[in-house]
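This note's numbering applies: residue 3 is where the sequence shown begins, and numbers increase by one. For reference, the structure discussed in these notes is given below.
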Amino acid sequence: MREVITIHIGQAGCQLGNKCWELFCLEHGIQPDGTAIANTNEKRSVITNDGDTAYNAFFQELQNGRHVPRSVFVDTEPTVIDEIKTGEYSGLYHPEQLICGKEDASSNFAKGKTGYEPLLNQTMDAIRKATENCTGLQGFFIYNSVGGGTGSGFTAALCEKLADKYTKKTKLNTVIWPSPKLSSGVVEPYNAVLNTHAMMKFVNCTFMVDNESIYKICQKQLGVHSPSYFHLNQLIAQAMSSITASLRFEGTLNVDLNEFPTNLVPFPRDHFAMMSYAPIVTPEKAIRQTLSVQELTSSLFDPNSLMIQCDDINKGKFMSCCMMYRGDVSSREVNLAVSGIKKQNTVPFVGWCPCSFKCGINSQPATAVPGSSYASTARSACMIANHTAMCQVFQKVNQNFDLMFGNRAFVHHYVGEGMEENEFTDARQDLYELEVEYANPAFDNTAEGESMTAQ
């Protein structure tokens, strides 16, 4: 078996994680207490070559028949963990999987990184126990926000330990990036820059989303006037379900964690991918409207479908692109859709990378959580791509960082937790270099003599 352990960190990471596991359970016919739904076809999985079932990559099946997520939830304060312990899916998790401290990290990267050594050790111990229940661990999937102290600082400390202890295992990261218009804290630019700098060499591939983009999608496409984090997390979870579908069901693309960096990351540092998902429609609209595979594919490249704020992606160039289809989709339809995009010449690639799309099809359609504002459809698709427009994402946070750091605003809070001021300048320089690498991807890497062949 090729198991994946997911780690949910901080308020955002834990809340998103709970929504993801709710959706995974529905897709595999697992009830909130971990038992399988009897006498139905909802436990949709396949038998792998080793005689195991594919969904066991994400779920451990106990001797009593219960299914437990291969996951660890951790937060520095108890509110969200307590909500999970008393929520509908409280019976799904083992108590040792739900870890919390007593005091939050005060939106301070430095405090989150260095102020919770006992909690960090407890988390690593829980991860160790999870790995001992695996026969062939692929790696780790980490969920966090980089705006808060726990999501930024504690995540950096934990990933450093993971990189040291599980050096050869793949580590993927889903990051909720700060949103200029939906900011929950003034120091988010500091935390984002410090986290990205610290995590650069510990993670193989990062999937970027921001709440502002998801907020707009909820308003424009679902008609939700004032979306809450409940709505935002449901949509992100739907995208993550599609990304992980080939790990949990039979698939042809990204069926192994290693395939994500292989297909998406041309150079080790440039491992930040954007995502889009389609269709996002209300149940009422889904009854009247069914997109063809061609229309579905085109909508993935619509800037309004992107889950991260950046300018029209057609103004930049792709370095890599994966499209994962689910449901009633044939390989012939996908080939025709991709050929149509190539003929239109509206999806440019960098000069050193051929105009190549990695496409995969999973026959299991996406599932919508009952009561959701969006509908399950006969076919859906998710795109993950490495694109030069990501330089705009880093540029915005760098500019906001500079506005504060130019006056040394709030720096004393970080210095008081043991950081030195030069750590800010080092991190900022690193993010500037990353911004330049994405704006001019060939220039930086050819100078270092690295291969110009996409993996």
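Positions of the beta carbon are idealized from the N, C-alpha and C atoms, including for glycine. None of the values given here were measured: they were computed from a predicted structure.
Measure the C-alpha to C-alpha separation of residue i and residue j and round it to an integer number of angstroms.
i: S341; j: N206; result: 30 Å
i: V6; j: L433; result: 30 Å
i: I245; j: M385; result: 9 Å
i: V82; j: G12; result: 9 Å
i: M201; j: A165; result: 10 Å
i: A275; j: A158; result: 19 Å
i: R46; j: N123; result: At R46 the pLDDT is 49, less than 50, meaning the model places this residue with poor confidence; the figure from the coordinates comes in the next sentence. For R46 and N123, the distance between alpha carbons rounds to 37 Å.
i: Q17; j: F403; result: 27 Å
i: Q99; j: E335; result: 43 Å
i: K222; j: T284; result: 11 Å
i: V413; j: E423; result: 8 Å
i: E435; j: S374; result: 41 Å
i: A112; j: L160; result: 13 Å
i: M406; j: G149; result: 15 Å
i: H389; j: G117; result: 36 Å
i: N337; j: E297; result: 13 Å
i: S215; j: S378; result: 21 Å
i: A132; j: L25; result: 21 Å
i: P372; j: L224; result: 15 Å
i: T448; j: H273; result: Here the model assigns T448 a pLDDT of 34, short of 50, so the residue's position is not dependable, and the following value carries that caveat. Rounded to the nearest angstrom, the two C-alpha atoms are 17 Å apart.
i: T198; j: V399; result: 11 Å
i: V352; j: K345; result: 17 Å
i: S365; j: V331; result: 7 Å
i: S243; j: G187; result: 29 Å
i: F262; j: H30; result: 23 Å
i: F61; j: T37; result: 11 Å
In or out: residue i buried (at least 16 other Cβ within 10 Å) or exposed?
i: E452; result: Unreliable positioning characterises E452 in this predicted model, as indicated by a pLDDT of 35, which lies under 50. The coordinate reading is nonetheless provided below. Looking at its Cβ environment, which holds fewer than 16 other Cβ atoms inside 10 Å, E452 is exposed.
i: N43; result: Because the pLDDT at N43 is just 48, under 50, the model does not fix this residue reliably, and the value given afterwards should be weighed accordingly. It is exposed - the Cβ of N43 has fewer than 16 other Cβ atoms within 10 Å.
i: R4; result: buried
i: T137; result: exposed
i: D313; result: exposed
i: Q65; result: exposed
i: S109; result: buried
i: K170; result: exposed
i: G114; result: buried
i: P270; result: exposed
i: E439; result: buried
i: P180; result: buried
i: L293; result: buried
i: S73; result: buried
i: H10; result: buried
i: Q311; result: buried
i: Q236; result: buried
i: F232; result: exposed
i: N175; result: buried
i: T427; result: exposed
i: Q401; result: exposed
Less than 8 Å separating the beta-carbons of residue i and residue j?
i: I101; j: F75; result: yes
i: M321; j: G362; result: no
i: A14; j: S154; result: no
i: D77; j: T152; result: yes
i: K360; j: N213; result: no
i: I282; j: Y217; result: no
i: R290; j: G329; result: no
i: T369; j: Y145; result: no
i: V267; j: A429; result: no
i: C22; j: L94; result: no
i: E134; j: G103; result: no
i: Q140; j: T88; result: no
i: L302; j: A383; result: yes
i: A391; j: M309; result: no
i: A59; j: L255; result: no
i: A56; j: F251; result: yes
Thinking just about the alpha-carbon of each residue, which of the options is nearest to the one in residue i?
i: N20; options: P443, P71, P372 and Q62; result: P71
i: A280; options: Q124, N306, S358 and N265; result: N306
i: D35; options: Q124, S92, Y192 and F60; result: S92
i: C210; options: C393, V189, P443 and A429; result: Rather than Cys, the amino acid found at residue 210 in this sequence is Met. Checked all of C393, V189, P443 and A429; the closest Cα to M210 is C393.
i: V177; options: I129, T37 and A239; result: A239
i: V395; options: P182, A40 and A56; result: P182
i: P191; options: S378, A411 and N424; result: A411
i: S300; options: E286, K287, I315 and Q311; result: I315
i: T348; options: V371, V331, G373 and K319; result: K319
i: S358; options: L237, A387, C323 and S378; result: C323
i: I343; options: D304, Q366 and G353; result: D304
i: I39; options: F61, A107 and R68; result: R68
i: R130; options: N193, A387, A107 and K163; result: K163
i: P350; options: L234, A387 and S333; result: A387
Per DSSP, residue i is paired with what?
i: G141; result: V6 and T172
i: Y327; result: I363 and A383
i: A275; result: F209
i: A38; result: I32
Within the 8 Å Cβ cut-off, does residue i reach chain C?
i: V283; result: Absent from the structure is chain C; it holds one protein chain and no more.
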